[in-house]
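So the sequences go chain by chain: A and B.
Each step along the first sequence adds one to the number in full-length UniProt numbering, with nothing skipped, and position 157 is 157.
Each step along the second sequence adds one to the number in full-length UniProt numbering, with nothing skipped, and position 353 is 353.
Structure record follows, encoded as structure tokens.
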Amino acid sequence: MTSAREEVLGRIRTALGEHRPEVVVPRDYRAADERPAEQLREVLVDRLEDYKASVLRCGPDEVGATVAAALDAGLGPGWDAGSVVVAPGVPAEWRPDGATEDDGRPAVELAAFAATLTGVAVAIAETGTLVLDGGPVSGRRAVSLLPDCLVCVVEAGQVVGGVPEALRRLDPTAPLTMVSGPSATSDIELERVEGVHGPRTLVVVLVA
Amino acid sequence: MTTAPERTDPTPLAPGAPRSGTTFLGLPTAPRGVGHLRGDRPFPDAARDALRDGQLRANLGHATSTIRAKRARVVGEVPDWEQLRQAGKALKTATMARLDEHLVELERQVTARGGTVHWARDAEEANAIVTRLVQATGTDEVVKVKSMATQEIGLNEALEAAGITAHETDLAELIVQLGDDAPSHILVPAIHKNRAEIREIFLRTMPQFQGEGADRDLPDEPRRLAMAARTHLRERFLRAKVAISGANFAVAETGTLAVVESEGNGRMCLTLPQTLITVMGIEKLVPTWRDLEVFLQLLPRSSTGERMNPYTSTWTGVTPGDGPQEFHLVLLDNGRTAVLADEVGREALHCIRCSACLNVCPVYERTGGHSYGSVYPGPIGAVLSPQLTGVEDNASLPYASSLCGACYDACPVAIDIPSILVHLRAEHVEAQEKTTPEAAAFKALSTAMSHPRLWRLTQRAAGLGRLLARGRPTLPPVLPPPASGWTRSRDLPTPPRETFTQAWAREHGGRS
Chain A
1 MTSAREEVLG
11 RIRTALGEHR
21 PEVVVPRDYR
31 AADERPAEQL
41 REVLVDRLED
51 YKASVLRCGP
61 DEVGATVAAA
71 LDAGLGPGWD
81 AGSVVVAPGV
91 PAEWRPDGAT
101 EDDGRPAVEL
111 AAFAATLTGV
121 AVAIAETGTL
131 VLDGGPVSGR
141 RAVSLLPDCL
151 VCVVEAGQVV
161 GGVPEALRRL
171 DPTAPLTMVS
181 GPSATSDIEL
191 ERVEGVHGPR
201 TLVVVLVA
Chain B
1 MTTAPERTDP
11 TPLAPGAPRS
21 GTTFLGLPTA
31 PRGVGHLRGD
41 RPFPDAARDA
51 LRDGQLRANL
61 GHATSTIRAK
71 RARVVGEVPD
81 WEQLRQAGKA
91 LKTATMARLD
101 EHLVELERQV
111 TARGGTVHWA
121 RDAEEANAIV
131 TRLVQATGTD
141 EVVKVKSMAT
151 QEIGLNEALE
161 AAGITAHETD
171 LAELIVQLGD
181 DAPSHILVPA
191 IHKNRAEIRE
201 IFLRTMPQFQ
211 GEGADRDLPD
221 EPRRLAMAAR
231 THLRERFLRA
241 KVAISGANFA
251 VAETGTLAVV
261 ESEGNGRMCL
271 TLPQTLITVM
281 GIEKLVPTWR
291 DLEVFLQLLP
301 RSSTGERMNP
311 YTSTWTGVTP
321 GDGPQEFHLV
331 LLDNGRTAVL
341 ADEVGREALH
351 CIRCSACLNV
361 CPVYERTGGH
371 SYGSVYPGPI
381 GAVLSPQLTG
391 VEDNASLPYA
401 SSLCGACYDA
411 CPVAIDIPSI
421 LVHLRAEHVE
431 AQEKTTPEAA
441 AFKALSTAMS
451 HPRLWRLTQR
461 AAGLGRLLAR
471 GRPTLPPVLP
481 PPASGWTRSR
491 DLPTPPRETF
501 TQAWAREHGG
511 RS
């Protein structure tokens, strides 16, 4: 008896027949964005704020203090550093004192944390997208998913113009999460509402 | 790879009825008696009821006009939209031309990275594979990410028959599931419900609002309704052992799967459970990683009218220490190869399920999705469903269109839906074994129009129609059958006192 695999592949060959068209894919869309870096950062901020994310900008020496301010914005002042989980590769100087480093505990236990701090792999200005790649700085996927407030630090060199440039920088086989604003839905009367199952608050610290 | 499971048929057909039709080159279409590709009634009958529902029309009018404006704004700001669209079209054409090779490559890559690939000839086989996989984990409940493919094959019903509860986690799918309803839109399955109706469903069905002392304070604000869904599903996500998803894209060269979503329910399902089962139509793949740069620009702007959807997840096989440690990919045919065999109709397989064509369609906006009888409604449904099932099983759908072409303009991969509709109408007409009144009428008309004397006589005879009109500009809508088939939904103008040729002859002389 023919296996389903052989049968489906056989059907495809029957359907396509002998003469298969040679197709040339036109790639005359924009592959790169030549705008200056500062302009791209401004576009990124504009897009993120359009999604109701908050953006704080700072210099390279001020990341730790700005992360603290971001957590003030996300959790309200007086937050407990122990309720903040950080991806294991996040530099020490970004971390609030007393924050918990993700140690690979069962994913569901991460739901008890109030906030997460991670870096990103790349950020896309035109679409307001942060890409997390599952590496040490981005953290495993559950870390940036379960706590209700997500703080992401984006460094100047990580901002690209459009989607094509971002995909070129990424490893396709890594578990990628592209985040564009807080979780949202348009399922009720097609009106966008921010905040469903993923983090309801997204605060971005843009270093540049 | 897997061997064929034993076949079970939940709804046996009449003895002697064919299990499924075949189309060009004898390729089988989606089987009857399973899944949701066929309606109980022809489109015009279902549409007539829908048109009488004022609330439905108000809900649809509001929702589709909102999304049309959003889409137009974000598409308008992309200077190379048309180039992206043409690239998307070419990529899909190229994918289909080598579909077998790309699928084999996808299988090789997924397997090399720790996943298991299964092939399903049709809905029944896919349902049996998934059921068996869930049973092997020992659990009796699963969480689901919104997926058209699993709706198409009726997976939830198959799981239920095996004692497995499937929790839909997309907000709109949840509304449909709790309301014991059917989806009516590809992107927003509960588009036919407004906020007040959704509030009623939640208060009636969610355990958190039941029992003595339950806080039943739930305003119909969308934000509060979304919060109710969050509370309802949170614990289910955290305890789930198995998730079932669809896929928006699969990359053949890397074995990467992608799910595009908004709420984070997708991330929950793709990240937390131990086992992930993805059911994907064989047409959903793209050859290379780079190709996603086109579709990840086209899809969000076309579907929700956003520059980018809140969350896109990609995964390749299994990643140690991150996400499900067991991954199964079920590749589904269910009539797709029959569509592929039709050189005109195969373009329907290019669809990336954005639903832009639904939102711009004047027919969809008025009748809603249920009238189409299939999980694929609207213009794309009208070309896809009849091809998946064989046109005779959805014979009214190719006619569920005014051929205005708005769908073609809106389609991000430039599927020429109007041409496929006309092609399927022709196929339906040619499939008729008995002469229909319409065919007889056109045959007679053809004879009359080929003979000038006969034509003039016909025109004179048609002039008698003026007696029926009694001075009104159109003939009465209630002509006896078979003419009623035409006049029920169309105005038939009263024949003029004088035809053009008669007027010409009167003014310029010559034979009349």
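All residues carry an ideal CB built from backbone N, CA and C; glycine is no exception.
Everything numeric in this text was worked out from a predicted model, so none of it was measured.
Residue i burial status per 10 Å Cβ neighbour count (16 or more: buried)
i, result
"Lys284 of chain B", "buried"
"Pro496 of chain B", "exposed"
"Ser184 of chain B", "buried"
"Met1 of chain B", "Any reading at Met1 of chain B is ruled out, since the residue's pLDDT is 42, under 50, leaving its predicted position unreliable."
"Val478 of chain B", "exposed"
"Met308 of chain B", "buried"
"Arg52 of chain B", "exposed"
"Lys434 of chain B", "exposed"
"Ala4 of chain A", "buried"
"Thr201 of chain A", "buried"
"Lys443 of chain B", "exposed"
"Thr3 of chain B", "Its pLDDT being 43, under 50, Thr3 of chain B is placed unreliably in this model, and the coordinates cannot settle the point."
"His102 of chain B", "buried"
"Pro481 of chain B", "exposed"
"Trp504 of chain B", "exposed"
"Leu13 of chain B", "Residue confidence is low: Leu13 of chain B scores 43 on pLDDT, short of 50, so the model does not pin down where it sits. Its coordinate-derived value is still stated next. Exposed, because fewer than 16 other Cβ atoms sit within 10 Å of the Cβ of Leu13 of chain B."
"Gln151 of chain B", "buried"
"Arg105 of chain A", "exposed"
"Gly321 of chain B", "exposed"
"Leu233 of chain B", "buried"
As assigned by DSSP and simplified to three states, the class of residue i
i, result
"Pro18 of chain B", "Confidence is the limiting factor: at Pro18 of chain B the pLDDT is only 49, short of 50, which leaves the residue's position unreliable, though a coordinate-based value still follows. Correct three-state label for Pro18 of chain B: coil."
"His118 of chain B", "strand"
"Cys411 of chain B", "coil"
"Val375 of chain B", "coil"
"Arg168 of chain A", "helix"
"Thr205 of chain B", "helix"
"Gly119 of chain A", "strand"
"Leu37 of chain B", "coil"
"Pro28 of chain B", "strand"
"Arg7 of chain B", "Here Arg7 of chain B scores only 38 on pLDDT, less than 50, and its place in the model is too uncertain to base an answer on."
"Leu285 of chain B", "strand"
"Pro106 of chain A", "coil"
"Thr100 of chain A", "strand"
"Val63 of chain A", "helix"
"Arg57 of chain A", "strand"
"Val429 of chain B", "helix"
Of the listed residues the options, nearest to residue i (C-alpha basis)
i, options, result
"Glu42 of chain A", "A:Thr127, A:Val120, A:Arg27, A:His19", "A:Thr127"
"Met206 of chain B", "B:Lys193, B:Trp289, B:Ala226, B:Thr95", "B:Ala226"
"Leu91 of chain B", "A:Arg20, A:Val24, A:Val196", "A:Val24"
"Arg121 of chain B", "B:Ser396, B:Gly335, B:Leu358", "B:Gly335"
"Ala184 of chain A", "B:Pro42, B:Gly463, B:Ala172", "B:Ala172"
"Leu174 of chain B", "B:Ile191, B:Ala162, B:Thr487", "B:Ile191"
"Ser396 of chain B", "B:Leu272, B:Val413, B:Ser374", "B:Ser374"
"Val318 of chain B", "B:Asp217, B:Pro273, B:Pro437", "B:Pro273"
"Arg236 of chain B", "B:Arg366, B:Val145, B:Met280, B:Ser484", "B:Val145"
"Leu155 of chain B", "B:Glu221, B:Ala400, B:Ile129, B:Thr139", "B:Ile129"
"Thr137 of chain B", "B:Val242, B:Ala247, B:Ala228, B:Arg199", "B:Val242"
Contacts of residue i in chain D (Cβ-Cβ under 7 Å)
i, result
"Ser83 of chain A", "The structure shown contains no chain D; its protein chains are A and B."
* Those runs of the alpha helix (DSSP H) which lie wholly inside the region 296–366 of chain B and span at least 4 residues -> Here the runs fully enclosed are 336–340, 356–360.
* To do: Please go through the region 451–491 of chain B and give each complete alpha helix (DSSP H) segment of 4 or more residues, from N-terminal end onward.
  => 452–463, 465–469, 484–487
* Asked: Of the residues that make up the region 307–323 of chain B, which ones have a beta carbon closer than 9 Å to any beta carbon in chain A?
  -> Arg307, Met308, Asn309, Pro310, Tyr311, Thr312, Ser313, Thr314, Trp315, Thr316, Gly317, Thr319, Gly321, Asp322, Gly323
* When you check each C-beta in the region 114–133 of chain B against every C-beta of chain A, which residues fall closer than 7 Å? -> Trp119, Ala120, Arg121, Glu125
* Residues, ordered as in the chain, of the region 88–112 of chain A that lie near chain B by beta-carbon distance below 8 Å -> Gly104, Ala107, Val108, Ala111
* Given a limit of 9 Å on CB to CB distance, which residues of the region 234–254 of chain B reach chain A? -> Of all residues in the region 234–254 of chain B, Arg234, Phe237, Leu238, Arg239, Val251, Glu253, Thr254 have a Cβ within less than 9 Å of some Cβ in chain A.
* **Residues, ordered as in the chain, of the region 346–380 of chain B that lie near chain A by beta-carbon distance below 7 Å** => none
* **Length at least 3, wholly inside the region 193–280 of chain B: the beta strand (DSSP E) runs in chain order** => 242–245, 249–251, 256–261
* To do: Can you give me, in chain order, the residues of the region 149–172 of chain B that have a beta carbon less than 8 Å from any beta carbon in chain A?
  => Against chain A - using a Cβ distance shorter than 8 Å - the residues of the region 149–172 of chain B are Thr169, Asp170, Leu171, Ala172.
* For the region 28–58 of chain A, enumerate the residues whose C-beta is nearer than 9 Å to any C-beta of chain B, in chain order. => Asp28, Tyr29, Arg30, Ala31, Arg47, Asp50, Tyr51
* To do: Ignoring anything shorter than 4 residues or poking outside the region 7–35 of chain A, list the alpha helix (DSSP H) runs there in chain order.
  => none
* Completely contained beta strand (DSSP E) runs for the UniProt domain "LUD" (110–207) of chain A, where each covers 3 or more residues -> 115–119, 122–124, 129–132, 149–155, 176–179, 201–207
* Asked: Name the residues in the region 178–204 of chain B whose C-beta lies less than 9 Å from a C-beta of chain A; which are they?
  -> Leu187, Val188, Pro189, Ala190, Ile191, Lys193, Asn194, Arg195, Ile198
* Scan the region 105–170 of chain B and note each continuous beta strand (DSSP E) run of 3 residues or more that stays entirely inside, going in chain order. => 115–120, 141–144, 165–168
* Asked: At a Cβ cut of 7 Å, what residues of the region 261–277 of chain B count as close to chain A, listed as they run along the chain?
  -> Shown in chain order are the members of the region 261–277 of chain B whose Cβ falls below 7 Å from a Cβ of chain A: Ser262, Glu263, Gly264, Asn265, Arg267, Met268, Thr271, Leu272.
* **Positions along the region 53–65 of chain B whose CB lies within less than 7 Å of some CB in chain A** => Flagged, chain order: His62, Ala63.
* Any residues in the UniProt domain "Lactate utilization protein B C-terminal" (434–507) of chain B with a beta carbon nearer than 8 Å to a beta carbon of chain A? Which ones, in chain order? -> none
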